[in-house]
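Protein chains in written order, with the numbering used here: chain B, 223 to 894; chain P, 136 to 354; chain L, 214 to 528.
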Amino acid sequence: MSLTLASWVGALGACAVATIAALALRKPFRVWAVGALSAVGGILGSVSAVSVLAGVQNGTVELPGVLPLAGARFELDPLGAVFVLIAGAVTVAASVYGIGYSGHGLDGRVVQAVFPLFVMSLLLVPAAASVSTLLVSWELMAVTSLVLVAAEHRERPEVREAAWWYGVMTHLSLAAIMVSLLWFAARAGGESFVELRAAADRMPDVVRSSVFLLALTGFGAKAGMVPLHVWLPRAHPEAPSHVSALLSGVMVKLGIYGLLRVGWDLLGGGPAWWGTTVLVLGAVSALFGILHALVADDLKRLLAYSTTENVGLILVGVGAAGIYASGGDRRLAAVAVTASLLHVVNHALFKGLLFLGAGSVLLKSGTRLLDRLGGLARRMPVTTACFGVGSLAIAALPPLNGFASEWLLLKSLVHEVADPPVVVATVMPLAVGVVALTGGLAAATFVKAFGTGFLALPRSSNAEAATEVSASMRFGMVALAMACVGLGLVPNLVVAPLQRSVQALTGLADGPGVEVVGLGMETAGAAGRLAPGVIAVALAIAVAAVTATGWIMKVRRHRRRVAAWACGRTVQTARMEYTSTSFAEPLQRVFDDFLRPELDLDVSHTSESRYYLEAVRFRIGITDAFESRLYRPLVERLRRLGEYARVLQNGSIHLYLGYMLVVVLVVLVLSR
Amino acid sequence: MTDGALFRFLDFAVGLSLVCGYVALWRRGLVAIVKALAVQGASVAVVAMLMGIYEGHVQAVVAAGLVLVVKAIVIPRVLVGVIHRTLEYREVEPLVNIPTSLLAGALTTVIAFIAGRHLVALDASPATRGVPVGLAVMLLGFLLLVFRRKAVTQVVGFLMLENGVALVAFLTTAGLPLIVELGGALDLLMAVLVLQVLARRIVRQFGATDLNQLVNLRD
Amino acid sequence: MTAAAIAIGLLQVLALVAIAPVVTGVMRTTRARLEGRFGPSPLQPWRDLRKLLRKERLITEQTSWIFGVAPLLLVASTLVVVAVIPSVATTTLLVDSVDLIGVIYLLLLGTVVLALAAIDTGTAFGGMGSSRGMTIAALAEPAALLAIFAVSLRAGSSSLSTIVEGALADPAGLASPETLLAFGAVAVVTLAEAGRLPVDNPSTHLELTMIHEAMVLEYAGPDLALVEFASSLRLTLFFGLIGTLFLPWGIATTDNIAAMAVGVVAWLVKVLALAVGVAAVEVGLAKLRLFRVPELLAAAFILSFLAVIVSFFLR
């Protein structure tokens, strides 16, 4: 049994043992056992993924009797290995974090038992090698994540609504995926991925495009693509924070995995309009996500919308790859896919880190609202430092890991194409504009989140009372932070193995698109080079040089603390600080037409005179445009349809039996 | 003048007319918008003159001079007079804000380039390369008509539309016959003079030339 | 890297570091003379820096470690960019490790760090400066990156040395429409990123009109010296970038002494000419209202977008 297979099966086994332990053990041991065993599962999963990416043979498992009709097939190939890797890495951090985070309310049998099952599903989906296996693993993932999202429904009523939205959307996405894959399998005459790949060429174009569009709908809904993203900003904030880290970091990426697998691996690529559709949807998701993150005042909602933005960026890369590949430029397509996969890995790391940090803040201060936080730098130094690393990473600033994937993405879009087809010439500049704008807005958003949430003075007594979190939670955050820093310094550790997965996408790659040159990487055709490690070293040398100059010029080292000058004002309270809403106000005004905030101004005067005000109440609310314009009217219309359908339901048993008789007769006639 | 240098100047003039279109979309001051129109008219005249020199038609050069006088000097003067008489100097609140209208301009330019390349393919030469730019200028004029409120801006939009058409005409056919140019220029002049009288009347009646207020006429 | 290459790279860094405060001084003097005053000498900023370095180090009470670290990181990131951009010669210390896109993001790192430090002070002016500064930085990104797209499309690479060598090999291409449009966009981005009129008035004393100054209101002594130095370095860097990309004549492509001397003189002439030119234009400009700045940046975006479209379609 190869290393790959042994460690993968071992990971699954560890999760199974964790579930049993959760059901069997008593409270304090339960949490420890689940945390430790899930972490072990994560480590073993990562080992299996690394061994596949390092060139060891793919692990294949065939279990003919497990599922009815077709049996289960698993094959861990390089594409799936990338996603198993991030699942393993984030699980390790999240499980250890969960040991400290699961206080009262989260250490019940059900929640603790379902968590390892969720991890197991995250390891199963990327390895599924037949349609039924994929569908069953997907459903397992959906159900377990739903249970985890609804974990705190007794304490907070909003959780129930969030779980509702999530449950409905995830099952609609499952329906779309099911129709798409079953249609494909019916056409191919078999259901294992090998048979599907072989049959793809013989299918007529209409069928291929329909299968692709249905898969895009289903997998895109899971990934949080606009307009199917509405469940994301509701479900991710309400879930427990370590679960949110896995949801945002890993589960939405499995939507990307599905799209790559079905669209480019099984179907073997398609015409340019596939890529253009994906790119346009990605660009819209990116802009929409970051605009709503910018104006969000709930920290976890901000992070959820930021996930939509990053998924949009990944989809831009995938779409660009599709456009290039259909035009025959496979090297450039390889660069674009490498950029997307690298962003998948990076985002899993820093989004997981940010959610864990937000969870620490939530646990210790009791609030998620940025307008009530602040001053945490002194009270929670480790959390602040880790969140700071995550913020700089997600803003794509050198020398952290987000910069390498953003650079690769921009390079793939900016590349010179010999005789550009019209699609490339018109879409690429707009795509670059969108990516650049989201990059700038992301920097502003995370300056807001980190600055108002963690720095300066605390804005409420909740924030004042916060203290640093326990050791296990600190471990989870620091582990991910160090991974971000490490990948920022040496992205080649991941880029070189990623090339292997890129080759695996038969419809796309032709040769390595990104070459590792010395300490840096270079895109195909020597069109630009980046060495992030050198940047980090240069920064360190510059800092040292400046410090040395200061020492030579005898600059005083001791710093005296004084009150803020603030233009001569002597009193400085927390009320005078900028809040997160006011920080985002200039940008919100610029994008007024797209955000359409609801403004509510309520002025009450004293009874004696209209010239003296008693109270002024100002409310500003920004709702998700898709939710208010698309989903709510749709739900209303469905409800009205349901009302009409009530006519059929008048309570008489004989009528219902009559319905059944009619249907049986119709079926008999039709299948004569 | 060598052919290479001539085409370089041609490219420059064509590009300048496109940039003037964007300046008109960008600025709020009505006088600045009219100045952008004047520069655009001058660049269209330069294009006409260069094409006339290249093809060797004397009447094209005369037509260019006529275009220069009418589009770059006379009409802008009249429009500035209208501005001073109606005392409206700024487009205070356009229907669509400036960054959005600039973005819409970018999108219409892309569409113009996509649509125009088939025209270029019919007869590819360094001169006809600029035909999509003429289409783009037309579309920018249209955007001005749709997005702005003041009467003067609307007229500038209409004139820019006409500039775009003239640009396409000069680049592809090296100019229409002189008599047609004369007729066209006189028509334009008439339209602008009529507006001058009307604008004063509208301001006296309604207080402003905000065309959006015309909606109130409906009952 | 050969010893000669390292020497040339170091020379460029030192030259820029030495000249940066003088550029700010030249701009102040030009402005003063055009306004009818006598004005300070161009070397005054160096004297100011020396004075500030000797002062006591003060730090605001409620700040965290970020406030203290920010000036250092700001200067460090700007110095790294200085080591990348070719000014006197095409070989610099880091031109093979960082390309134009990396330059933009390194400058963004400096802005972000300063904005965080400004929020950290907990004063209303710090928050205001930080919010406004990040707004402008975010909206200038698309214009900057699309301009890079246009420039690197012509050269076939985003590496600065390749771009400069390509421009030197084809000087007629510098007058093409796409380069002129890209130049317009980069000019507006320079004014926005370096905090000059009409985006931000560096010599204002009215807090509600400040953007960059509001962010550094609480800094004093050596920390303020670092921040001031970083901002003049940034300005000089942008002038150098414009000179390198759009006026590359005189830059040394070989490493003999004569070429280097010509390169130094050419670079000094370009940077000082740009400084005097921008200062002269500034005298006639008024600062834009904050909510008109997005219109200016949208116009810059359109210029660079047109540059890309033109280079794709009119080739």
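All C-beta atoms in this analysis are idealised placements derived from N, C-alpha and C, irrespective of residue type, glycine included.
Residues of the region 485-508 of chain L whose Cβ lies closer than 7 Å to any Cβ of chain P, in chain order: P507, E508. Taken through DSSP and simplified to helix, strand or coil, A617(B) comes out as coil.
Within the DSSP bridge table, the entry for D824(B) names R839(B) as partners.
The residue among P808(B), A570(B), M391(B), R252(B) with its C-alpha nearest the C-alpha of A315(B) is A570(B). Fully enclosed beta strand (DSSP E) runs of no fewer than 3 residues occupy 281-285, 294-298 of the region 268-313 of chain B, in order along the chain. Taking the CA atoms as reference points, V306(B) sits about 52 Å from L153(P).
Residue burial annotation: Q225(L) is buried, with at least 16 other C-beta atoms found within 10 angstroms of its C-beta. Listed along chain P are F248, R252, P267, each with a C-beta nearer than 8 Å to that of F526(L). Against chain L, the beta carbon of L257(P) has no neighbour under 7 Å; the closest one sits roughly 16 Å away. Interface annotation, V245(P): in contact with chain B, CB-CB separation under 7 Å. For L301(B), the CB contacts under 6 Å within the same chain, skipping 5 residues up- and downstream, are S723, A726 in chain order. By the criterion of a C-beta distance shorter than 6 Å, L702(B) is surrounded in its chain by A315, L571, G574, L575, once the five residues flanking it on both sides are discounted.
A direct Cα-Cα distance of roughly 20 Å separates V364(L) from V301(L). Residues D822 of the same chain have their beta carbon placed closer than 7 Å to that of R841(B), with the five preceding and five following residues left out of the count. Every candidate beta strand (DSSP E) stretch fails here, since none sits fully inside the region 436-515 of chain L while reaching 3 residues.
Sorting I219(L), N414(L), V475(L) by C-alpha distance to the C-alpha of A492(L) places N414(L) at the top. Around the beta-carbon of E190(P), fewer than 16 other beta-carbon atoms lie within 10 Å, marking it exposed. For Q175(P), the number of other beta carbons within 10 angstroms of its own is at least 16, and it is reported as buried. Using a C-beta cut-off of 8 Å, the region 628-642 of chain B makes contact with the region 654-673 of chain B, since at least three inter-stretch Cβ pairs fall below that distance.
Chain P has a Cβ within less than 7 Å of the Cβ of A511(L). The Cβ-Cβ distance between V303(P) and G276(P) does not fall below 7 Å. Nothing from the region 503-517 of chain B brings a Cβ to less than 7 Å from some Cβ of chain P. At least one CB of chain L lies nearer than 7 Å to the CB of A241(P).
R162(P) and M400(B) have their C-alpha atoms spaced approximately 54 Å apart. DSSP, reduced to helix, strand and coil, places S524(L) within a helical segment of the structure shown. Runs of beta strand (DSSP E) with 3 or more residues, each lying fully within the region 747-824 of chain B, are found at 781-784, listed in chain order. A straight-line Cα-Cα distance of about 23 Å links A427(L) and V517(B).
Take R456(B), set aside five residues on each side of it, and the residues of its chain with a beta-carbon closer than 6 Å to its own are A384, W387, in chain order.
Its Cα nearest to that of F525(L), the residue L366(L) stands out among L366(L), A513(L), H418(L).
In this structure, I233(P) sits away from E354(L), with a CB-CB distance that is not shorter than 7 Å. The beta carbon of L230(P) lies closer than 6 Å to those of F282 in the same chain, with the five residues before and after it left out.
If only complete runs of 4 or more residues are kept, the region 275-323 of chain L shows the alpha helix (DSSP H) at 278-295, in order along the chain.
Assignment of R225(P) by DSSP, reduced to helix, strand and coil, places it in the strand class.
Under the 10 Å beta carbon count, N469(L) is surrounded by fewer than 16 other beta carbons and is classified as exposed. Contact between the region 433-442 of chain L and the region 469-478 of chain L is not established, with fewer than three Cβ pairs separated by less than 8 Å. Among the CB atoms of chain P, one or more fall inside 7 Å of the CB of V644(B).
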